[in-house]
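Numbering (our numbering), first residue to last: 9 to 367.
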Ligand code: PHE
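Printed below as a string of structure tokens:
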């Protein structure tokens, strides 16, 4: 049972929740601000039909916490925040544009104390629509032809991480000849399938949208897997690239893979699931480290880093960051999740120390 809005807010460890209700469409707006230690909170804007508005708020809170960790993991001066548009039904066309404009006006009331960009359920086009009324959204950079979609860049970071993890587990061939099951063939999962196939991996792909799964599988000569069968399907590497909480006490005992590394946010239903995966001998690569490419790209471009070679180098560097975390976990005999949390804590503590005391 989902808790009510009041309980969710009262129990949250984050800093603030801003709420709005869009009467014309019946959409709830939630902006969750988790932590501003490192800088102004920034995080994507998700649009989804949730069973209840409470589920939308809960998602926003969990995602905002993930953003705090993600920015800290790449040591960027942004805080953790996320927005959710909890729509009552799929909304398209002019109605969608009007909704996005009203959301942009909602963002304007925050006057830059939270900025956003694309996330699951929204597109680069949607961000352009918000931009028509609000400057507080990332859409790109003039030096890069105006518009930049972070998703394929997230995929590049995920690819580098999968390679790093595969080298650790399987040796120097990495993903070559290995089977990767990609769960979700959307903005990140799609490009990831291509990168992996080009590197010689066999691709299995599943998506709630059967057409999207088939199309992706055809492009990379892969095989479609029924979404209901993902946890039971044998593979070397499972890459969750859709919604969160797919790794939990029910699914983990059934998994038949050696590595989990993917783009989805909040893959674990609870932190204890990292222990459950370790106990099964499955190497779990912390999601917010693996999927940091989108955030890294947004952060770098905001700092006017637009050289494509440099951007690519930095994105591939995410694989090296993950590798350092995996090495540390191995040395300390702990899970990669624990090792990465400790790293995040060190970064946050460092900044707290450097901050001048309030007068
Ligand atoms: N939504 C993506 C993420 O969570 C990319 C993104 C990051 C978009 C930061 C805007 C800001 O990583």
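The beta-carbon is built from N, C-alpha and C at its ideal position, and this holds for glycine as well. Fair warning: this is a prediction, and the values are worked out from it, not measured in the lab.
Short check: CB of residue i to CB of residue j, under 9 Å?
i           : j           : result
residue 269 : residue 346 : no
residue 224 : residue 243 : no
residue 255 : residue 226 : no
residue 165 : residue 341 : no
residue 194 : residue 249 : yes
residue 146 : residue 123 : yes
residue 197 : residue 247 : yes
residue 205 : residue 238 : no
residue 138 : residue 111 : yes
residue 272 : residue 289 : no
residue 95  : residue 34  : yes
residue 319 : residue 161 : yes
residue 181 : residue 55  : no
Under the criterion of a Cβ to heavy atom distance below 8 Å, does residue i qualify as lining the ligand PHE?
i           : result
residue 75  : yes
residue 134 : no
residue 39  : no
residue 146 : yes
residue 199 : no
residue 169 : no
residue 297 : no
residue 303 : yes
residue 162 : yes
residue 139 : no
residue 375 : Within the shown structure, residues of the chain are numbered from 9 to 367, placing residue 375 beyond reach of any answer.
residue 78  : yes
residue 71  : yes
residue 300 : yes
residue 306 : yes
Let me know the secondary structure DSSP gives residue i once reduced to three states.
i           : result
residue 53  : strand
residue 155 : strand
residue 233 : coil
residue 122 : coil
residue 187 : strand
residue 42  : strand
residue 178 : helix
residue 263 : coil
residue 210 : strand
residue 269 : coil
residue 30  : strand
residue 17  : helix
residue 348 : helix
State buried or exposed for residue i, treating a residue as buried only when at least 16 other CB atoms are found within 10 Å of its CB.
i           : result
residue 287 : exposed
residue 306 : buried
residue 294 : buried
residue 62  : buried
residue 78  : buried
residue 90  : buried
residue 298 : buried
residue 171 : buried
residue 29  : exposed
residue 179 : exposed
residue 12  : exposed
residue 73  : buried
residue 275 : buried
So is the beta-carbon of residue i under 8 Å away from any non-hydrogen atom of the ligand MG?
i           : result
residue 127 : No copy of the ligand MG occurs in the structure displayed; its ligands are the ligand PHE alone.
Quiz item: Pairing CB atoms from the stretch 213 to 220 with CB atoms from the stretch 180 to 194, are three or more of them under 8 Å?
Solution: yes
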